[in-house]
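Note that the numbering used here has the sequence shown beginning at 66, numbered continuously upward.
See below for the structure under consideration.
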Amino acid sequence: MTIKQFFLTITTLCVVLSSGFTPAIAGGKKIHWQPYETGIQMIKDQNKKGFLHFYTDWCHYCKIMNKQTFNDSKIIDYLNDNFISIRVNAEKQRAIARKYGVNQFPNTWFISEDSTTLSNQPGFIQPEMLLNMLKFLKTDSFKNMKFSEFINKQEQKKTVIQ
Numbered sequence: 066m067t068i069k070q071f072f073l074t075i076t077t078l079c080v081v082l083s084s085g086f087t088p089a090i091a092g093g094k095k096i097h098w099q100p101y102e103t104g105i106q107m108i109k110d111q112n113k114k115g116f117l118h119f120y121t122d123w124c125h126y127c128k129i130m131n132k133q134t135f136n137d138s139k140i141i142d143y144l145n146d147n148f149i150s151i152r153v154n155a156e157k158q159r160a161i162a163r164k165y166g167v168n169q170f171p172n173t174w175f176i177s178e179d180s181t182t183l184s185n186q187p188g189f190i191q192p193e194m195l196l197n198m199l200k201f202l203k204t205d206s207f208k209n210m211k212f213s214e215f216i217n218k219q220e221q222k223k224t225v226i227q
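Here it is in structure tokens:
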């Protein structure tokens, strides 16, 4: 390799790395997914809210959500610290999908500490939006305000900090 090729390689590498490329999983962390029955029991035993995600192997947006949203280090940390995360393949566990009326994918449900459903969100969810949803539920803000009000307050906090 000539000096010219070496510097061209280094320059190209610097451009790629400075263009916003970051490793998706910081430190190899992953969401601590639980099987359905185990997760529901853990929700009750640990008095934590649950995050229930339905997917299928053929679903395009399930794959994108798995690659983008569930590999985001903020999502991984927040879910692992504050929720019991349950992942259900709706084709292999059809009875569970039917129980929740799931017929489109991906489909995400939020479960209370007593294992009753709080809300659901069908479709792909971007990492930043999911993080806001998780914070809204974790803080019990849903009991006294709408999600849009919560988002506005979050934006105001960001503005004050900046």
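The C-beta atom is built at its ideal place from N, Cα and C for all residues, glycine as well.
Distance from the Cα of Pro192 is smallest, within the candidate group Ala162, Ile161, Gln133, for Gln133. The closest CA to that of Met107, considering only Ala155, Phe215, Glu156, Glu178, is found on Glu178.
Tyr165 sits in coil when the DSSP states are folded into three classes, being neither helix nor strand. Excluding the 5 residues flanking it on each side, Asn185 has same chain C-beta neighbours closer than 6 Å at Trp174, in chain order. In the structure shown, the three-state DSSP call for Gln191 is coil. Distance between Leu144 and Thr121, taken at the CA atoms: about 21 Å. The continuous alpha helix (DSSP H) containing Ile141 extends over residues 138-147. In the three-state scheme derived from DSSP, where H, G and I count as helix and E and B as strand, Ser150 is classed as strand. Beta-bridge annotation (DSSP): Leu117 is paired with Ile151, Trp174.
Ranking Cys127, Lys95, Ile105 by CA distance to the CA of Ile176 puts Ile105 first. Burial state of Asn172 is buried, judged by a 10 Å Cβ sphere holding 16 or more other Cβ atoms. Residue environment analysis places Asp137 among the buried positions, since at least 16 neighbouring C-beta atoms fall within 10 angstroms of its C-beta. Sequence-distant partners of Asn147 (beyond 5 residues in either direction) whose C-beta falls short of 6 Å from its own C-beta, in its chain, are Lys203.
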